[in-house]
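Protein chains in written order, with my numbering: chain A, 23 to 244; chain B, 43 to 510. Using N, Cα and C, we set each Cβ at its ideal position, and we do this for glycine too. Note that the coordinates shown come from a computational prediction; the quantities given were computed from them, not determined experimentally. Heads up: the structure comes next, in C-alpha cells.
Set out below in C-alpha cells:
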C-alpha cells in the first residue's frame, strides 16, 4: 500500500471516515477541496483563516444525507456565521461541524466515484452529479486504474460532454478533469480491496480548478 | 506454450478415440462417430457392447487402444466419463472433449465429479474441453464433433471467424442463422463448464492462428475477468474481438449506499471495461453474427462519412434516419458529395437523379447505371463508407449486379455494405453476395449497424496504436 494512504489510515484509527477525513484522503491525490476546518462539539470558530462566504455542514460518518436532516447551511457571511453555527449545534449537539469556504462555481455539477465489482475489482465512474445524479443516470465506467486518455473517452460518452466543447461559452477544463478521474482511479487501486465505495459529489469547476465539494468513503465491513 | 502446442492437436488430431461410440443414430456416441467418419482421420471406437461400427473394429476397452491417440471424445455419462478419462490418461492420451452434462451445473455430486476432472487435467498436464461441451467444429479441417443438429453445409470454407461459446443452444442457433445467409467460420468451440480449457486458452490460440482474423465469444461468466481482458486487449491490436456477454450478473456490492454503487447497476461496469480493453460488445446472437461477419470480411472504415446508393427512394430515406441516429457505439454522418461526383452520377443515370446523399437512381436504373454511380461514390474523397441498397426487382437490374459490386468491393479501400431484400429469395441473395465476397444484410438497420462496427473497430485500433 502507498505510504501516504497508510498514514491516512493510521490517522483515522478505528473510526469510519467522515467528510473531512475523506477530503484529506483525496487531497493526497492532488484533488482540490475547499479550505475548511472541522470543529469538535463546543469548539469555537475563529473566522480569520477562512474566507467568507462560509458553508456549515454536519460532519459525521453516520449521516449519509445531510441535506434531508437540515445538516447544511449555505451563504453565511461573517455576521451570521456564529448564530448559524449555534443553530447547527442545537440540531447536532454531539457531532462535529465542518466550516468551509463556499466555492463559487459555474457549469454543471459532476460526480466521480469508485465501486468494487465482485468479479472485476474497482471501477471508476464519472457522471452528471448533484442531488439528482441517480435520476440523470448519465454515467461512464472504466476499470481502475484508468489512464488520462481513457478518462477522456469516459467524458466523451456522457450526454453532458458538449459542455467541454465550449457549449454556450463554457470553458471547463477537460484535460484537468480527465487527470482528476485518473487520479481517483489510482487512489482506489492503491488502497486495495478494503475500499468498497467512494463518491465525490459534486465536483465543480471553479477559478480554473476542479474542486471536490463533498466526498464520501466507505470501507468493506469485514 | 505447451498448451498452445497441444491445442493444435486437440483441434486437428490424426487419431481419435471415441469412447462410447455406437451404431445407434439416436445416441450421442452414434451421432458423433458418424460425423467424425467424414473427417478422414483414423478413428478408434470404444464400446464393450459393440464389435464393429461402419467397418471400424471396436475396442472393448480403453486398455486395448493403441498408444498414440491424439484425442479422446468422451460421449458417455458423467461418472463413467470421469473413470474413462482416468483410464485414457494411463494410455497417455493428451486431449479430451467431454460432452456429457451432469457436472457442476446440477449439484454437489456433479461438482465433485467436475473437481476430479479439474484435478486430473492439472496433475497430468492434459487438455480437457468441457464437460458439458457442445464439441468442436472446424470446417477446413473436416473436424466436427457437435452432436446436435446444426447447419454446416452453407458455412464457407476458408472462413476466418473463430467462434467460442460457453453454452450450447445459443451457439447452435448462431451457427444455423449464420449459415443460412453465408458466414465464414474458422472454428466453433463449445467451452461448456470450463473445468480446464477456458476462453483465455482459445483466445491465445486463435490470436496466433494465421487462418483466423476475427474472434467472437459468447460468455456467461468470465471468472478470470482481468486476465481475460488484458489478454484480449493484446489481441485487439491485431484482430477484432467481439463479445456477447449474457447474464448480466455483475451485481455490484451487496450493501450499496453510495450514488456510484446505485448507478453501477448490474451491467455498466462490464460495459465500460470492455470498451476500455478494446473489445466490441454485442447483445444477441444476431448482432454477434452480423458483427463478426463484417469485421472478418472488411478491415474497418477510414472515417464515419457514409454515402447511400439506392434504387428505392423510401429505403434511402430510412437509411439516412438510421445513420443520423445517435448511437454511442460509433457516430455516423451522411457524406457530403462533391460537385464532380454528382455530375458523374447524373451523366451515368438521368438528368433528374437526386444526387444529394442518399443518391436515388430510381427503379428505372439498370446494372450499368448502378455500377458507374458506385464508382463515382468510391472515388469521392469525402466518402468513407458506402451502403448500397440493392434490389433485384427493377427490370433493369439483374443478378449480374452481385458480381459488379463484388469486383468494386475487392478493389476499393472503402468498405461497401449491401442491404438487399427479395421476398422469399432474400437469404439466397445474401448468400450469393457472400460467396462473391460482399457483406449484405436483410434490413436497413442491420446494414447501418454493420457500418458502426467498422467505424468502432478502426477507432479502437487507432487508440491502441497510439498507446505505447
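Handout entry: Close Cβ partners of residue 80 of chain B (< 8 Å) along its chain, the five nearest in sequence each way excluded
Key = Here the set comprises 184 and 186.
Handout entry: Span of the beta strand (DSSP E) around residue 439 of chain B
Key = From DSSP, residue 439 of chain B is part of no beta strand (DSSP E); its letter is neither H nor E.
Problem - Any C-beta of chain A under 9 Å from that of residue 236 of chain B - result: Look at residue 236 of chain B: its C-beta is not under 9 Å from any C-beta on chain A.
Practice task
Could you check the C-alpha separation between residue 216 of chain A and residue 66 of chain B for me, to the nearest Å?
Solution key: Each residue's Cα considered, the two are about 58 Å apart.
Problem - Start-to-end residues for the beta strand (DSSP E) that takes in residue 456 of chain B - result: First-last for residue 456 of chain B: undefined, no H or E at that position.
Practice task
Give a yes or no on whether 9 Å exceeds the smallest Cβ distance from residue 60 of chain A to chain B.
Solution key: Not closer than 9 Å to any Cβ of chain B, the Cβ of residue 60 of chain A fails to qualify, so no.
Exercise for the section: Going by CA-CA distance only, name the one from B/274, B/98 and B/408 that's closest to residue 353 of chain B. Expected result: Answer by Cα proximity: B/408.
Exercise for the section: Starting from residue 211 of chain B, trace the beta strand (DSSP E) both ways and give me its first and last residue. Expected result: Judged by DSSP secondary structure, residue 211 of chain B falls outside any beta strand (DSSP E) and instead within the alpha helix (DSSP H) spanning 210 to 223.
Exercise for the section: Note down, in chain order, every chain C residue with its Cβ under 7 Å from the Cβ of residue 310 of chain B. Expected result: This model lacks chain C altogether, as its protein chains are A and B.
Practice task
With DSSP collapsed to three states, give me the class of residue 118 of chain A.
Solution key: For residue 118 of chain A, the three-state secondary structure derived from DSSP is strand.
Handout entry: residue 318 of chain B - containing alpha helix (DSSP H), residue span
Key = Under the DSSP assignment, residue 318 of chain B falls in the alpha helix (DSSP H) whose first and last residues are 310 to 318.
Exercise for the section: Take residue 266 of chain B as the anchor and find which of B/504, B/242 and B/279 has the nearest alpha-carbon. Expected result: Closest option to residue 266 of chain B, Cα to Cα, is B/242.
Handout entry: Which listed residue (B/333, B/312 and B/327) has its alpha carbon closest to that of residue 162 of chain A
Key = Of all alpha-carbon atoms in B/333, B/312 and B/327, the one lying nearest the alpha-carbon of residue 162 of chain A is that of B/312.
Problem - Reference residue 436 of chain B, options B/406, B/468 and B/87, closest by Cα - result: Taking residue 436 of chain B as reference, the option from B/406, B/468 and B/87 with the minimal CA-CA separation is B/406.
Exercise for the section: Give a yes or no on whether the minimum CB-CB distance between residue 23 of chain A and chain B is below 9 Å. Expected result: Cβ-Cβ to chain B under 9 Å: no for residue 23 of chain A.
Exercise for the section: In the DSSP assignment, find the alpha helix (DSSP H) that holds residue 65 of chain A and state where it starts and stops. Expected result: Counting along the chain, residue 65 of chain A falls outside any alpha helix (DSSP H), and DSSP gives it neither H nor E.
Practice task
Tell me where the beta strand (DSSP E) around residue 578 of chain B begins and ends.
Solution key: Residue coverage of chain B in this structure runs from 43 to 510, which leaves residue 578 of chain B outside it and unanswerable.
Exercise for the section: To the nearest angstrom, report how far apart residue 48 of chain A and residue 173 of chain B are at their CA atoms. Expected result: Straight through space, the alpha carbons of residue 173 of chain B and residue 48 of chain A are spaced by roughly 48 Å.
Practice task
Following the continuous alpha helix (DSSP H) through residue 267 of chain B, name the residue where it begins and the one where it ends.
Solution key: Note, residue 267 of chain B: alpha helix (DSSP H), 267 to 278.
Problem - CA-to-CA distance, residue 403 of chain B to residue 43 of chain B, given in whole angstroms - result: The predicted model places residue 43 of chain B with a pLDDT of 32, which falls under 50 and marks its position as unreliable; any figure quoted below should be read in that light. Their backbone Cα atoms lie some 57 Å apart in a straight line.
Problem - Residues from the region 213 to 233 of chain A in contact with chain B, defined by Cβ distance under 8 Å - result: Taken in chain order, the members of the region 213 to 233 of chain A whose beta-carbon sits within less than 8 Å of a beta-carbon on chain B are 218, 219, 220, 221 and 223.
Problem - Which residues DSSP lists as bridging residue 232 of chain A, in chain order - result: By DSSP's assignment, residue 232 of chain A forms a beta bridge with A/227.
Problem - CA nearest to the CA of residue 237 of chain B, picked from B/329, B/494, B/162 and B/230 - result: Distances from the CA of residue 237 of chain B to each of B/329, B/494, B/162 and B/230 were compared; the closest alpha carbon is that of B/162.
Problem - For residue 504 of chain B, the three-state DSSP class (helix, strand or coil) - result: Residue state, collapsed to three classes: helix.
Problem - Beta-carbon proximity list for residue 457 of chain B, same chain, < 6 Å, skipping 5 on both sides - result: Closer than 6 Å at Cβ, skipping near neighbours: 340, 343, 427 and 496.
Problem - Contact check, residue 499 of chain B vs residue 332 of chain B, beta carbons under 9 Å - result: For the pair residue 499 of chain B and residue 332 of chain B, the CB atoms are not nearer than the 9 Å cut-off.
Exercise for the section: Measure the Cβ-Cβ separation of residue 79 of chain A and residue 120 of chain A and say whether it is below 9 Å. Expected result: Going by C-beta atoms, residue 79 of chain A is nearer than 9 Å to residue 120 of chain A.
Practice task
Round the Cβ separation of residue 461 of chain B and residue 485 of chain B to the nearest angstrom and send it over; I've been treating them as touching at under 8 Å.
Solution key: Contact between residue 461 of chain B and residue 485 of chain B is confirmed by a C-beta separation of about 7 Å, below the 8 Å threshold.
Handout entry: Burial state of residue 529 of chain B, where buried means 16 or more other Cβ atoms lie within 10 Å
Key = Chain B is shown only over 43 to 510; residue 529 of chain B falls outside these bounds and no answer can be derived.
Problem - Endpoints, the alpha helix (DSSP H) within which residue 260 of chain B is located - result: Note, residue 260 of chain B: premise wrong, no alpha helix (DSSP H); beta strand (DSSP E) at 256 to 261.
Practice task
From the DSSP output, in three-state form, read off residue 127 of chain A for me.
Solution key: The three-state secondary structure of residue 127 of chain A, taken from DSSP, is coil.
Handout entry: Straight-line Cα distance separating residue 330 of chain B from residue 281 of chain B
Key = Residue 281 of chain B and residue 330 of chain B: Cα-Cα distance of roughly 16 Å.
Practice task
Using a threshold of 9 Å, state whether the C-beta atoms of residue 379 of chain B and residue 424 of chain B are closer than that.
Solution key: Contact: yes.
Practice task
Label residue 101 of chain B either buried or exposed according to how many other C-beta atoms from any shown protein chain fall within 10 Å of its C-beta, with 16 as the threshold for buried.
Solution key: Burial is judged here by how many other beta carbons sit within 10 angstroms of a residue's own beta carbon; residue 101 of chain B has at least 16 and is buried.
Exercise for the section: Return the residue from the list B/204, B/372, B/134 and B/176 that minimises the CA-CA distance to residue 212 of chain B. Expected result: Residue nearest to residue 212 of chain B within the set B/204, B/372, B/134 and B/176 is B/176 (criterion: CA-CA distance).
Problem - Selected residue, minimal CA-CA separation from residue 142 of chain A, among B/421, B/390 and B/268 - result: Per the Cα distances, B/268.
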